[in-house]
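Below you'll find the structure, written out as structure tokens, and then a few comments.
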Amino acid sequence: MKKITKQTYLKWYEDMLFWRKFEDKLAQVYINQKVRGFLHLYNGQEAVLAGSLHAMDLTKDKMITAYRNHPQPIGMGVDPKRVMAELYGKGTGTSQGLGGSMHIFSKEHRFYGGHGIVGGQIPLGAGLAFADKYKGNDAVTLTFMGDGATRQGSLHETFNLAMLWKLPVVFCVENNGYAMGTSVARTANHTEIWKLGLGYEMPCRPVDGMKPEVVAKEMDEAITRARKGEGPTFLEIRTYRYRGHSMSDAQHYRTKEEVAKMQEQDPISYVLHNIYENKWATEKEIEAIDNKVKEMVSECEKFAEDSPYPEKNVMYDTVYEQEDYPFLPHKL
Ligand SMILES: Cc1ncc(C[n+]2csc(CCOP(=O)(O)OP(=O)(O)O)c2C)c(N)n1
Ligand SMILES: [Mg+2]
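Here it is, written out as structure tokens:
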């Protein structure tokens with residue numbers, strides 16, 4: 001793994017702050033009905049992504065996740081302006097405005113979505129890994145899911161085959177404590193989700209998801225194992241979401257005090273604290289990053305606002321007209 005240095009912490013601070021502010025902006029424009037449909041925000045979970053990206057080889061590794069999927073493609077290199085435009089339903093978006101919040105996708109950047117069916121991405125992640133193994137590519141697929149998804153049958157079927165075929169995949173649960181309003185404790189008689197790996201003899205462990213360097217280290221071990229051909233790993237990364245499940249969640253299932261207590265472990269504050277403790281930056285330098293982030297978010301908003309809605313014919317271009325492979329798109 002790349003060394004974790006002063007530069008890493010400064011990058012983590014800037015990236016995580018950008019993702020947080022980017023999504024704060026989305027929450028704001030959602031209320032103004034600029035963004036419609038569902039909106040699931042990642043606030044609080046940023047260290048999981050920051051640490052994972054550090055351990056990945058961004059020239060070849062792949063990522064797939066559920067519908068809480070805005071910072072991930074940005075981290076993989078997708079232009080954040082195009083991500084925001086997608087949320088606005090604009091033609092300049094990553095899927096020409098046809099996907100929206102839950103379906104960000106970029107084959108070019110090896111980010112494979114954005115999936116709304118809980119647990120649906122788990123077999124797809126294994127499939128991506130299968131393709132890499134079959135073609136002899138030296139790539140690993142990180143397959144993220146929520147705690148709620150671990151109760152789906154698809155996880156168990158996938159774990160079985162992924163172990164049988166020693167696929168180069170890391171299965172990562174972002175355990176944020178709740179599946180919509182249902183706590184982990186209400187969904188099973190055990191709350192140690194990582195232990196699900198034991199039944200398949202899959203290497204598995206719990207990980208502190210509020211500290212990016214801890215995530216990076218665990219992820220690196222798992223990725224290295226996968227790259228060596230030793231098969232999958234199952235990580236239960238323990239984190240927390242500050243906002244509701246989606247924008248329409250009244251959050252009756254938890255107290256404000258619980259949220260405030262978890263925010264004391266905020267990953268961005270944690271990284272900033274480390275930067276100051278080690279004298280890696282002055283307050284002025286941090287202020288410059290804060291201003292840069294603010295400017296970047298404004299640029300994304302302006303780009304999305306100014307972009308046109310897709311042309312009507314785009315709808316027809318994404319309809320397939322052949323019954324069988326290769327499913328050529330319909331052309332007028
Ligand atoms: C198969 C399926 N069942 C139910 C739903 C409705 N649903 C959407 S999100 C969700 C909770 C998932 O929680 P979790 O996996 O913990 O992810 P998080 O939202 O916490 O990131 C449910 C039940 C769905 N989208 N798909
Ligand atoms: Mg959850």
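Sequence positions in the sequence shown follow the UniProt record's numbering and run 1 to 332.
Every residue gets a Cβ at the ideal spot worked out from N, C-alpha and C, and that includes glycine.
*Is F38 near M84, with beta carbons less than 8 Å apart?*
What you label residue 38 is simply residue 38 of the sequence shown in a count that begins at 1. What you label residue 84 is simply residue 84 of the sequence shown in a count that begins at 1. For F38 and M84, no; Cβs fall outside 8 Å.
*To the nearest angstrom, how far is it from the Cα of F105 to the Cα of Y240?*
Here residue 105 is taken as the residue at index 105 of the sequence shown, counted from 1. Here residue 240 is taken as the residue at index 240 of the sequence shown, counted from 1. Going from the Cα of F105 to the Cα of Y240 covers about 24 Å.
_Same chain, Cβ closer than 6 Å to G181, neighbours up to 5 away in sequence not counted_ = In the sequence shown, the residue the question calls residue 181 occupies position 181. Excluding positions up to five away in sequence, the list reads Y253.
_Local Cβ density within 10 Å of residue 346, reported as buried at 16 or more and exposed below that_ = The requested residue 346 is not part of the displayed model; the chain covers only 1 to 332.
*In terms of residues, what are the limits of the beta strand (DSSP E) holding L142?*
Counted from its first residue, the sequence shown places residue 142 at position 142. L142 -> beta strand (DSSP E) spans 141–146.
*Any idea if N69 is buried or exposed, counting beta-carbon neighbours within 10 angstroms, 16 or more meaning buried?*
Walking along the sequence shown from the start, residue 69 turns up at place 69. Only buried fits N69, as 16 or more other CB atoms lie within 10 angstroms of its CB.
*How far does the beta strand (DSSP E) with K62 in it reach, from first residue to last?*
Sequence index remark: in the sequence shown, residue 62 carries index 62 (1-based). Taken as a continuous stretch (DSSP letters only), the beta strand (DSSP E) holding K62 covers 62–64.
_With a threshold of 6 Å on Cβ separation, who are the neighbours of E14 within its own chain once the five nearest residues in sequence on each side are excluded?_
Here residue 14 refers to the residue found at position 14 when the sequence shown is read from its first residue. Same-chain partners within the cutoff: I289.
*Rounded to a whole number of angstroms, what is the C-alpha to C-alpha distance between P310 and S95?*
On the sequence shown, residue 310 is found 310 positions in, with the first residue counted as 1. On the sequence shown, residue 95 is found 95 positions in, with the first residue counted as 1. About 10 Å.
*I117 by DSSP, collapsed to three states: which one?*
Within the sequence shown, residue 117 is the residue found at index 117, counting from 1. Correct three-state label for I117: coil.
*Just the C-alpha distance for A216 and S52, rounded to the nearest angstrom, thanks.*
Translated into positions along the sequence shown, residue 216 becomes position 216. Translated into positions along the sequence shown, residue 52 becomes position 52. Each residue's alpha carbon lies about 5 Å from the other.
*What's the gap between the Cα of K11 and the Cα of P267?*
Reading the sequence shown from its first residue, position 11 is the one you call residue 11. Reading the sequence shown from its first residue, position 267 is the one you call residue 267. Each residue's Cα considered, the two are about 13 Å apart.
*Can we say the stretch 15–22 touches the stretch 280–298, given the rule of at least three CB pairs closer than 8 Å?*
The answer is yes - the stretch 280–298 touches the stretch 15–22, with three or more Cβ pairs under 8 Å.
_Restricting to runs no shorter than 4 residues, where is the alpha helix (DSSP H) found entirely within the stretch 142–184?_
153–164
_Measuring only the C-alpha atoms, how far is G209 from G197?_
One-based indexing of the sequence shown puts residue 209 at position 209. One-based indexing of the sequence shown puts residue 197 at position 197. Approximately 18 Å, taken between the alpha carbons.
*Should R36 be labelled buried (16 or more other beta-carbon atoms within 10 Å of its own) or exposed?*
Indexing the sequence shown from 1 puts residue 36 at position 36. When all chains shown are included, R36 counts as exposed.
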